[in-house]
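Peer 1: Using numbering that gives the first Met the number 0, you'd call the opening residue of the sequence shown number 0 and step up by one each time.
First the structure, which I've put down as structure tokens, then a few questions once you've had a look.
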Amino acid sequence: MIRTILAAALAAAISVPAFAQAPPAPKADLVPVAIQTEKGRIVIALDRGRAPLTTANFLAYVESGKFDGESFYRAMPYGAGGLIQGGIRSDARKLDPPVAHEPASKTGISHKAGTISMANFGPGTARADFFI
């Protein structure tokens, strides 16, 4: 009896293509955010559909006003363009708890030119620092 059930289960597992078993990829749900700087406005798009925890974390800082008055503290040449990094440097009490890690392998979002990413010291340590 067990052998028959096991054989039927194995046959069913083999007959289903592996790609059909994978969950569907999340869809983009872009949230525009304007960052006003001394040099002009930067408009970014946060992908709530594919990175919901990271987006919620960033938006919580925006909506609470904790980013107000902060600055970009790093600008440097990188690749064919550059990199800018900002976040909260004025008061550590403005920092919220770290957000869970959403790796590129899960979100499908690549760290390429023009992409905003949360800076971190390792998985699960991102707070308010970000780079573009």
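C-beta atoms are modelled at their ideal positions from N, C-alpha and C, and glycine is treated no differently.
(1) Just verifying my parser: in three-state terms, what is the DSSP assignment at asparagine 119?
(2) Assign arginine 40 to one of three DSSP states: helix, strand, or coil.
(3) Around the Cβ of aspartate 46, are there at least 16 other Cβ atoms within 10 angstroms (buried) or fewer (exposed)?
(4) Using C-beta distances below 6 Å, list every residue in its chain close to alanine 79, excluding the 5 sequence neighbours before and after it, in chain order.
(5) Can you look up leucine 94 in the DSSP assignment and give me helix, strand or coil?
(6) In the structure shown, what three-state DSSP assignment does phenylalanine 66 receive?
(7) Within this structure, are the beta carbons of isoleucine 131 and threonine 114 separated by less than 9 Å?
(8) Let me make sure I understand the geometry here. Which of Lys65, Val30, Gly39 and Asp128 has the alpha-carbon closest to that of glycine 48?
(9) Using the Cβ count rule (16 or more neighbours within 10 Å means buried), how would you classify valine 42?
(10) CA-CA distance, alanine 127 and alanine 44?
(11) Between the C-alpha atoms of leucine 94 and isoleucine 87, what's the straight-line distance to the nearest angstrom?
(12) If you check the beta carbons only, do alanine 118 and glutamine 84 fall under 9 Å apart?
(13) Does DSSP classify proline 51 as helix, strand or coil?
(14) How is alanine 27 classed by DSSP in three states: helix, strand or coil?
Peer 2: To lay it out plainly:
(1) On the sequence shown, residue 119 is found 120 positions in, with the first residue counted as 1. Correct three-state label for asparagine 119: coil.
(2) One-based indexing of the sequence shown puts residue 40 at position 41. Note: arginine 40 maps to strand in three-state DSSP.
(3) Taking the first residue of the sequence shown as 1, we reach residue 46 at position 47. The residue is buried, with at least 16 neighbouring Cβ atoms inside 10 Å.
(4) Counting from 1 along the sequence shown, the entry for residue 79 is found at position 80. Excluding residues within five positions, none has a Cβ falling inside 6 Å.
(5) By one-based count along the sequence shown, residue 94 stands at place 95. If DSSP states are grouped into helix, strand and coil, leucine 94 belongs with coil.
(6) For the purposes of this step, residue 66 is identified with residue 67 of the sequence shown, where counting begins at 1. In the displayed model, phenylalanine 66 falls within coil according to three-state DSSP, outside both helix and strand.
(7) The residue you call residue 131 lines up with position 132 of the sequence shown. The residue you call residue 114 lines up with position 115 of the sequence shown. Yes; because the gap between Cβ atoms is below 9 Å, this pair is in contact.
(8) Numbered from its first residue, the sequence shown carries residue 48 at position 49. Looking at the Cα atoms, Val30 is the closest of the given residues.
(9) To locate residue 42, count along the sequence shown from 1; it is residue 43. It counts as exposed.
(10) The residue given as residue 127 occupies position 128 in the sequence shown. The residue given as residue 44 occupies position 45 in the sequence shown. The straight-line gap from Cα to Cα measures roughly 16 Å.
(11) Residue 94 sits at position 95 when you count from the first residue of the sequence shown. Residue 87 sits at position 88 when you count from the first residue of the sequence shown. Computed Cα separation, rounded: 7 Å.
(12) For the purposes of this step, residue 118 is identified with residue 119 of the sequence shown, where counting begins at 1. For the purposes of this step, residue 84 is identified with residue 85 of the sequence shown, where counting begins at 1. Cβ distance < 9 Å, so alanine 118 and glutamine 84 count as in contact.
(13) Translated into the one-based positions of the sequence shown, residue 51 becomes position 52. It is helical.
(14) Here residue 27 is taken as the residue at index 28 of the sequence shown, counted from 1. DSSP places alanine 27 in the coil class of the three-state scheme, outside both helix and strand.
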